[in-house]
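What follows is one structure encoded as structure tokens, with my remarks underneath.
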Amino acid sequence: MLTQIVLAAMVLIGLGLLLNLWALLRGPSIPDRLLALDTMYINSIALLLCYGIYGASNLHFEAALLIAMLGFVSTVAVCKFMLRGDIIE
Amino acid sequence: MRSWTERLMPTPVRSVMLFVVWLLLNNSVAPIHLVAATLLALGIPLLTAGFRDQQTPFRHWRQALIYLLRVLMDIVLANIQIIRVVLGPNRLLKPGFVLVPLELQAALPLTILACTVSLTPGTVSAEILPYQDDPTENMGERFLLVHVLDLNDEAALIQEIKQRYEQPLREMFEC
Amino acid sequence: MTGLEWVIALLVLLGAIFVLIGSVALVKLPDFYTRLHGPTKATTLGLGSLVLASLLFFNFVLDELSLQQLLIALFLFITAPVTAYMLVKAGLHRNVDAVSATKNKHLMQLSEKQRPK
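Chains as they are written, first to last, in this note's numbering: chain A, 1015 to 1103; chain B, 5 to 179; chain C, 280 to 396.
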């Protein structure tokens, strides 16, 4: 029973990922797309956590941590570029 | 002259945190990890002591814990409220920007306040104005620019942020 | 299925629903600044709930000590406001327009004036 519920939760999160993809493609501005990408990172972490419960293994949590860190650092880096990159300083 | 314990462990809280995080990262308490965690917890603060800014210290651990629990509660409760706003029709939405006058001055409490405002649903902190270039400069009165998802009563919102979050922070940091 | 497993199932479902609501908000809300509210809060809370579920599952159902998930939740709760802050700054800097119903729209220009050139 628990595995079915976790599977259902994974379907919901997958749906969320598809919505994020739509938002990413629709835009319209670059910060909008960046926000969608950042949400995609977090959703994929949620998916990995569900997969960990589903397969009863905690091997994936390190991958989830890596995604969390890379997602954060890359989002902040792109933001910083948008704030500073297009001005002649 | 600082005592030798102070020189060996300039930031004891950070050392404990590093120790715990290393063990969590490895997900085990095997002796080898305990040794490595101890070495890192002692070594990293020593290596980074030279380029760390002096932050406002705080000693009121009990108040900090109460503050943390209250924020967690607020996050859960107010998220339920947000669901209604998000799933309702867009034309009922009343977004807006609000300037919250600040009494806090130091960097660390301001950071905590801004993060709390961002995490509690309905508000995202956008900027602290005026912009501060030099951390030692006295800026006079400063404001927190907040974006609100569902703005009904501006004065009430400012009052809530000031009383619920800024007041405990001022007590915690004694400023 | 024991009582504890029901609790875990409930937490997992709740977490997934919150994550989904965050994504729905991203698509549905009218402008960049309102969209920002969905992912930073609903999604973060959803992840917190999922982490709690997996903590209960590994420590009490499988009976093995595993607290690594705690680190994920901690990291996300620290980084989510920072990301939101940077995104708002980027949006204000690029003059991303807010929906016309927004109150106090003039405050958006305020942050631009204050920034040193």
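Just so you know, even glycine gets a beta-carbon here, dropped at the ideal spot from N, CA and C.
Indicate whether Ser328 of chain C and Thr1053 of chain A have their beta-carbon atoms separated by less than 8 Å.
To locate residue 328 of chain C, count along the third sequence from 1; it is residue 49. To locate residue 1053 of chain A, count along the first sequence from 1; it is residue 39. Using a Cβ distance threshold of 8 Å, Ser328 of chain C and Thr1053 of chain A do not count as a contacting pair.
Step through the CB atoms of chain C and report whether any lies within less than 8 Å of the CB of Pro35 of chain B.
What you label residue 35 of chain B is simply residue 31 of the second sequence in a count that begins at 1. Not closer than 8 Å to any Cβ of chain C, the Cβ of Pro35 of chain B fails to qualify, so no.
For Ala1078 of chain A, would you say it is in contact with chain C, using Cβ-to-Cβ distances shorter than 8 Å as the test?
By 1-based counting over the first sequence, the position of residue 1078 of chain A is 64. It does; some Cβ of chain C falls within 8 Å.
In whole angstroms, what is the alpha-carbon distance linking Pro318 of chain C and Ala363 of chain C?
Reading the third sequence from its first residue, position 39 is the one you call residue 318 of chain C. Reading the third sequence from its first residue, position 84 is the one you call residue 363 of chain C. If I take the Cα positions, the gap works out to 9 Å.
Got a sec? Which residues, its chain only, sit under 6 Å from Asn30 of chain B by beta carbon, not counting five neighbours each side?
As a first step, residue 30 of chain B is located in the second sequence; it is residue number 26 there, counting from the start. Taken in chain order, the residues that qualify are His37.
Residues of the region 294-324 of chain C with a CB closer than 8 Å to any CB of chain B: list them in chain order, please.
Residues passing the 8 Å Cβ filter: Phe297, Ile300, Val303, Ala304, Lys307, Leu308, Pro309, Asp310, Tyr312, Thr313, Leu315, His316, Gly317, Thr319, Lys320, Ala321, Thr323, Leu324.
Are at least three pairs of beta-carbons, each pair with one atom in the region 334-345 of chain C and one in the region 94-108 of chain B, less than 8 Å apart?
Because the criterion of three Cβ pairs below 8 Å is not met, the region 334-345 of chain C and the region 94-108 of chain B do not touch.
Leaving out the 5 sequence neighbours to the left and right, which residues in its chain are closer than 8 Å to Val80 of chain B when beta-carbon positions are compared?
Indexing the second sequence from 1 puts residue 80 of chain B at position 76. The answer is none, since no qualifying residue turns up.
Asn383 of chain C versus chain B: which residues are under 9 Å apart at the beta carbon?
Along the third sequence, read from residue 1 onward, the residue named residue 383 of chain C stands at position 104. Neighbours of Asn383 of chain C on chain B, chain order: Gly100, Phe101, Val102, Leu103, Leu155, Glu158.
For Met280 of chain C, I'd like the list of residues in its chain whose CB is within less than 6 Å of its CB, leaving aside the five on either flank, ordered along the chain.
The sequence position of residue 280 of chain C within the third sequence is 1, counting from 1. Here the set comprises nothing.
To be precise: take each residue of the region 1023-1036 of chain A, compare its Cβ to all Cβ atoms of chain C, and keep it if any distance is under 7 Å. Which residues remain?
Look at the region 1023-1036 of chain A: the residues with a C-beta under 7 Å from a C-beta of chain C are Ala1023, Leu1026, Ile1027, Leu1029, Gly1030, Leu1033, Asn1034, Trp1036.
Given a cut-off of 8 Å, decide if Val291 of chain C and Ala332 of chain C are closer than it, judged by their beta-carbon atoms.
Here residue 332 of chain C refers to the residue found at position 53 of the third sequence. Here residue 291 of chain C refers to the residue found at position 12 of the third sequence. Yes. Within cutoff.
What runs of the alpha helix (DSSP H), each 4 residues or longer, lie entirely inside the region 84-169 of chain B?
DSSP runs (the alpha helix (DSSP H)) wholly in the region 84-169 of chain B: 111-123, 158-165.
Identity of the residue in B:Gly100, B:Gln67, B:Leu28 nearest Gln168 of chain B by Cα
Mapped onto the second sequence, residue 168 of chain B falls at position 164. For the sequence presented, residue 168 of chain B should be read as Arg rather than Gln. Selected option, being the one with the closest Cα: B:Gln67.
Are the CB atoms of Ala82 of chain B and Pro125 of chain B within a distance shorter than 8 Å?
On the second sequence, residue 125 of chain B is found 121 positions in, with the first residue counted as 1. On the second sequence, residue 82 of chain B is found 78 positions in, with the first residue counted as 1. Yes, they are a contact pair.
Between Phe55 of chain B and Leu12 of chain B, what straight-line distance do the alpha-carbon atoms span, to the nearest angstrom?
As a working mapping, residue 55 of chain B is identified with position 51 in the second sequence. As a working mapping, residue 12 of chain B is identified with position 8 in the second sequence. In a straight line, the C-alpha of Phe55 of chain B is about 16 Å away from that of Leu12 of chain B.
Run of the alpha helix (DSSP H) containing His372 of chain C, from where it starts to where it stops
Here the question's residue 372 of chain C lines up with position 93 in the third sequence. Looking at the DSSP string, the run of the alpha helix (DSSP H) that includes His372 of chain C is 347-372.
Taking 8 Å as the threshold (beta carbon to beta carbon), is Glu170 of chain B in contact with chain C?
Translated into the one-based positions of the second sequence, residue 170 of chain B becomes position 166. At a cut-off of 8 Å between C-beta atoms, Glu170 of chain B does not count as an interface residue with respect to chain C.
Buried versus exposed call for Asp1046 of chain A [16 or more other C-beta atoms within 10 Å across all chains shown]
In the first sequence, residue 1046 of chain A corresponds to position 32, counting from 1. That one is buried.
Report buried or exposed for Ala295 of chain C, applying the criterion of at least 16 other Cβ atoms within 10 angstroms of its Cβ.
In the third sequence, counting from the first residue as 1, residue 295 of chain C sits at position 16. By the 10 Å Cβ count, Ala295 of chain C comes out buried.
Rounded to whole angstroms, what is the Cα-Cα separation between Thr1089 of chain A and Lys307 of chain C?
Counting from 1 along the first sequence, the entry for residue 1089 of chain A is found at position 75. Counting from 1 along the third sequence, the entry for residue 307 of chain C is found at position 28. Their backbone Cα atoms lie some 22 Å apart in a straight line.
Would Met1096 of chain A be called buried (16 or more neighbouring beta carbons within 10 Å of its own) or exposed?
Within the first sequence, the letter at position 82 stands for residue 1096 of chain A. Buried: at least 16 other Cβ atoms inside 10 Å.
Where does Thr358 of chain C land, buried or exposed, given buried means 16+ other C-beta within 10 angstroms?
On the third sequence, position 79 is the one that residue 358 of chain C refers to. Thr358 of chain C counts as buried, since at least 16 other C-beta atoms from the protein chains shown sit within 10 angstroms of its C-beta.
Anticipated Cβ contact below 8 Å, His64 of chain B with Glu175 of chain B, distance rounded
In the second sequence, residue 64 of chain B corresponds to position 60, counting from 1. In the second sequence, residue 175 of chain B corresponds to position 171, counting from 1. Indeed they touch by this definition, with Cβ atoms about 7 Å apart.
Does the beta carbon of Met387 of chain C come closer than 8 Å to any beta carbon on chain B?
Translated into positions along the third sequence, residue 387 of chain C becomes position 108. Yes, Met387 of chain C lies at the interface with chain B (some Cβ there is under 8 Å from its Cβ).
Rounded to whole angstroms, what is the Cα-Cα separation between Leu389 of chain C and Gly47 of chain B?
Working through the third sequence from its first residue, we reach residue 389 of chain C at position 110. Working through the second sequence from its first residue, we reach residue 47 of chain B at position 43. Each residue's Cα considered, the two are about 44 Å apart.
Check the Cβ of Leu353 of chain C against every Cβ in chain A and list those closer than 8 Å, keeping chain order.
Here residue 353 of chain C corresponds to residue number 74 of the third sequence, with the count starting at 1. In chain order: nothing, as chain A lies at least about 10 Å away.
Compare the C-beta of Leu1048 of chain A against all C-beta atoms of chain C and say whether one is closer than 8 Å.
Locating residue 1048 of chain A in the first sequence gives position 34, counting from the first residue. So yes, Leu1048 of chain A belongs to the interface.
Kindly say whether Val378 of chain C, judged by its beta-carbon, lies nearer than 8 Å to any beta-carbon of chain B.
Your numbering for residue 378 of chain C matches position 99 in the third sequence. So yes, Val378 of chain C belongs to the interface.
Compute the beta-carbon to beta-carbon distance between Leu305 of chain C and Leu1033 of chain A, rounded to the nearest angstrom, for a pair I have assumed lies under 8 Å.
Along the third sequence, one-based indexing puts residue 305 of chain C at 26. Along the first sequence, one-based indexing puts residue 1033 of chain A at 19. Rounded to whole angstroms, the Cβ separation of Leu305 of chain C and Leu1033 of chain A is 7 Å, and the two are in contact under 8 Å.
Please confirm if Pro113 of chain B has its CB atom under 8 Å from at least one CB of chain C.
Position 109 of the second sequence, counted from the start, is the residue given in the question as residue 113 of chain B. Not one chain C Cβ lies under 8 Å of Pro113 of chain B.
Taking Cβ to Cβ, would you say Glu284 of chain C is nearer than 8 Å to Val340 of chain C?
The residue labelled residue 284 of chain C in the question sits at position 5 within the third sequence. The residue labelled residue 340 of chain C in the question sits at position 61 within the third sequence. By the CB criterion at 8 Å, Glu284 of chain C and Val340 of chain C fall inside the cutoff.
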